[in-house]
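Input: a single structure, listed below in structure tokens.
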Amino acid sequence: MLLDVHDLHVEFHTRDGVAQAVNGVSYGVDEGETLAVLGESGSGKSVTAQAIMGILDVPPGRITGGEVIFRGRDLLTLKEEQRRKVRGAEMAMIFQDALSSLNPVISVGDQLGEMFTVHRGMSKKDARAEAVELMDRVRIPAARERVRQYPHQFSGGMRQRIMIAMALALEPALIIADEPTTALDVTVQAQVMELLAELQREYRMGLILITHDLGVVADVADRIAVMYAGRIVESAPVHDIYKAPAHPYTRGLLDSIPRLDQKGRELYAIRGLPPNLMDIPPGCAFHPRCPMARDVCRTDEPPLYEVTESEAGRGSACHFWRECLHG
Amino acid sequence: MAEPRGGTEGRPAPATGFEKGAGPAGEPILEVSGLVKHYPLTRGVLIRKQVGAVKAVDGVDFALGRGETLGVVGESGCGKSTVAKMLVHLERPTAGAIRYKGEDVTRLSGKALKAVRRNIQMVFQDPYTSLNPRMTVGDIIGEPFEIHPEVAPKGDRRRRVQDLLDVVGLNPEYVNRYPHQFSGGQRQRIGIARGLALNPEVIVADEPVSALDVSVQAQVINLMDRLRTEFDLAFVFIAHDLSIVRHISDRVGVMYLGRIVETGTDAQIYDHPTHPYTQALLSAVPVPDPAAREHRERIILTGDVPSPTNIPSGCRFRTRCWKARDKCAEEVPLLAVPEVFREAGGPAAHASACHFAEEKRVVP
Ligand SMILES: Nc1ncnc2c1ncn2[C@@H]1O[C@H](COP(=O)(O)OP(=O)(O)O)[C@@H](O)[C@H]1O
Ligand SMILES: Nc1ncnc2c1ncn2[C@@H]1O[C@H](COP(=O)(O)OP(=O)(O)O)[C@@H](O)[C@H]1O
Ligand code: SF4
Ligand code: SF4
Ligand SMILES: [Mg+2]
Ligand SMILES: [Mg+2]
């Protein structure tokens, strides 16, 4: 395993109380593999990623437990200076909002070049040449001319390509892309996702793709981890999960999306709202919204059961996963 | 070749979606023709000089039947919101007509305008910014009654507001709460309740569920679906999510750079698209089915949408179209049933603004 997150816990101490944002998340990615992390907003996807990258807001955030094993060592035990070396060189992150992650007053060429001057000790001139090549590689037209331009002079799709170039610069082993195409139109989203998938194959990187879009997941992921209230509720190879979900929340999500290929009747709607993270329901956190909930669900927290009917490591945090799988 | 100014010249009878096999029977409740909105681009501080125009909407025609839902799709910046704002009179058209029951609203003023405005209401995209944070939910929903007191006399308003809350699935006891006490989905319900307050016949919904999470999205879509039948509402439903539009619409218009480039019933557009832009758009939508990955054909468009200040001559899609030929730069394709399909009829025979329209199935 390239990355192995084990039983990660993160909480936020705020004026209003303690938000339990991540409550025992475990997931892993191999090299060349794409893991999609799916979940609605507030489910803890980004916070988990920030903890892995070492860019969590501390305080108010605090990691209260768990391990992040990357290439054999636990990143959570490293000193900040060592972490900084890992960041960028070995793992990199792509954010949803490229405009606010890029420096508006530095040309994109200088920002890309900085990766090489700072991490690789290259001369400015060589770094500039590398920047142009990177821009070429992410297929930004007229890279040689545009390298001098500033972020606002690029379209949303082009800016996202620059973010990808920046992440790729030092050929990291792992990329975490947090909703990289959420702000883009579908036609541009398709361009960017295709580019990302292609580069990932070429470099054999591990990719963690965070998204709330079940369509995007189906398009690119090998495995999928579904998050709810700071936990992984289902984890499975992508084909299995779409064929037959083993958790009622996953099932609800799949049933609630309108389809392009057929005229739907009434959509299934998961009732209620996601829980307040300062007051997560006891037992199974999903029980107030679950159509299958029984008494035991209100008291006993379900562990991530192994879904034994599947060959390729599959898990579901539902006491009644068997019923759900066959229901 | 010069580009037609205002975008309305040189066209035959506009395709409104009411041609053979395309539209609903009966009189349309709303009919839009040659609708144009150009925002002047000025330069200079002391002496402002117009140096061009943002052609946000550049010649849009459509018709909406009673109780019908027209879906409008297109990439961001193509003019969807501008059309919506003109329909509800938040923007004045540069040219064109908006007929409500046959009467051109753009020429009305005073009392007559007020009466029409009452019947066409809007639901906005962002439930976080479209509700005044300092007003109670009761005041927000009841606000339209201030302008149209004839709909609900003062003493009756609180009860009316509570009824509306009930209709959209919120607890009527919540009248005195403030917007921040509600989730995104609940706020969108409040927005819908306000839209319904004056018993309109038409609702213009601009990306009403785009800001919501999947599970909450389904709740709100189902609510709108139910209200539509219950109150016999006609909807203009604007969205960039093509799956949602298919789900909710009777007919669909596909917009590109300020114009509708293809229009037809949901089955015509999704299963038998003939315009290359529609085909590319549909093929780019990720489908939630990993099995479709291998056998699905993707049309990946190159480049970005051109600026609306500088619309390409001829066919406005030609800079991104893989089928473009010389003719496409010279002649504006009109929104009409393409000749090749006119004779044969069938689902491909719907309005499509392309010189070389061809049927191509892209949805798996
Ligand atoms: N900087 C912060 N301060 C306080 N709470 C935070 C902060 N960042 C995240 N949280 C809490 O963590 C929860 C999960 O956030 P996040 O991981 O961003 O969710 P998502 O799944 O949408 O990416 C939030 O709902 C919030 O309660
Ligand atoms: N008030 C305005 N002044 C100048 N340009 C505008 C104004 N409102 C919208 N536009 C421009 O008009 C075009 C269409 O915008 P809009 O109708 O909001 O598109 P959509 O809703 O399809 O995303 C965009 O290029 C936008 O920048
Ligand atoms: S454990 Fe119970 S409440 Fe939780 S998902 Fe399973 S059936 Fe539903
Ligand atoms: S008219 Fe020409 S450029 Fe326009 S869509 Fe048709 S083939 Fe493409
Ligand atoms: Mg997030
Ligand atoms: Mg808009």
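Just so you know, the sequences run in chain order H and W. So for the first sequence, the working numbering puts the first residue at 4; every next one is plus one. So for the second sequence, the working numbering puts the first residue at 2; every next one is plus one. We put the CB at the ideal spot given by N, CA and C, even for glycine. Please read all numbers here as calculations on a predicted model, not as lab measurements.
| Query | Result |
| --- | --- |
| H:M333 CB to nearest heavy atom of ligand 3 below 6 angstroms | Any question about residue 333 of chain H goes unanswered here, given that chain H covers just 4 to 330. |
| Inter-residue spacing [alpha-carbon to alpha-carbon] between W:K56 and W:E332 | 19 angstroms |
| Continuous beta strand (DSSP E) stretch holding W:V73: start and end | T70 to V74 |
| heavy atom of ligand 1 below 6 angstroms from H:D60 C-beta | yes |
| Chain-ordered neighbours of W:N223 on chain H, where CB pairs are closer than 8 angstroms | E269, L270 and A272 |
| Three-state class that DSSP yields for W:Y179 in the structure shown | coil |
| Against chain W: residues of the region 15-37 of chain H by CB proximity under 9 angstroms | none |
| Where H:A170 falls: helix, strand or coil (DSSP) | helix |
| Proximal residues, the region 250-282 of chain W versus chain H, C-beta separation under 8 angstroms | D267, A268, Y271, A281 and L282 |
| Neighbourhood of ligand 4 [Cβ distance below 5 angstroms to any heavy atom], ordered by chain position | W:P277, W:C316, W:F318, W:R319, W:C322, W:K324, W:A325, W:C329, W:P334, W:C355, W:H356 and W:F357 |
| Integer Cβ distance of H:L331 from H:A24, believed to fall under 8 angstroms | Residue 331 of chain H lies beyond the residue range present for chain H, which begins at 4 and ends at 330; the question has no answer from this structure. |
| Reduced DSSP secondary structure (H/G/I, E/B, other) of W:R44 | strand |
| Distance between beta carbons of W:R247 and W:E69, contact taken as under 8 angstroms | The Cβ separation is near 15 angstroms, so there is no contact. |
| Bridge-paired residues (DSSP) for W:Y101 | W:L31 and W:E104 |
| Check whether W:H273 and W:E360 have beta carbons under 7 angstroms apart | yes |
| Beta-carbon proximity of H:L263 to W:L243, cut-off 7 angstroms | yes |
| Length of the line joining the Cα atoms of W:G7 and W:R317 | Per-residue confidence for W:G7 stands at a pLDDT of 39, beneath the threshold of 50, marking its modelled position as unreliable; no derived number is given. |
| 7 angstroms Cβ cutoff, W:V55 in contact with chain H | no |
| Contact test: W:S250 Cβ vs ligand 2 heavy atom, cutoff 6 angstroms | no |
| Short-range partners of chain H found in the region 76-101 of chain W, where Cβ spacing is below 8 angstroms | E76 and S77 |
| Near ligand 2: W:V55 beta-carbon under 6 angstroms from a heavy atom | yes |
| Heavy atom of ligand 1 within 6 angstroms of H:S238 beta-carbon | no |
| Local conformation of H:S103 per DSSP, three classes | helix |
| Cβ neighbours of W:E92 in the same chain (closer than 7 angstroms, five flanking residues each side left out) | K38, T83 and K86 |
| 7 angstroms Cβ cutoff met for H:E227 and H:A92 | The sequence shown places Ile at residue 227 of chain H, not Glu. No, they are not a contact pair. |
| Ligand 2 heavy atom lying under 6 angstroms from the CB of W:K112 | no |
| Close-in-space but distant-in-sequence residues of the same chain around W:R362 (CB under 6 angstroms, 5 per side omitted) | none |
| Residues bridged to W:F63 [DSSP beta-bridge criterion] | W:V33 |
| Interface positions of the region 188-214 of chain W facing chain H (Cβ-Cβ less than 7 angstroms), listed along the chain | D214 |
| For H:A315, the three-state DSSP class (helix, strand or coil) | coil |
| Neighbour flag for W:Q220 against chain H, beta carbons, 7 angstroms | yes |
| Contact residues within the region 339-365 of chain W, judged by C-beta distance below 8 angstroms to chain H | V364 and P365 |
| Inter-residue spacing [alpha-carbon to alpha-carbon] between H:G35 and W:A212 | 33 angstroms |
| Partners in chain H for W:I245, counting only beta-carbon separations shorter than 7 angstroms | P261 |
| Closest Cα partner of H:V50 within the set H:E326, H:I179, H:L171 and H:F323 | H:I179 |
| Length of the line joining the Cα atoms of W:V168 and W:E202 | 16 angstroms |
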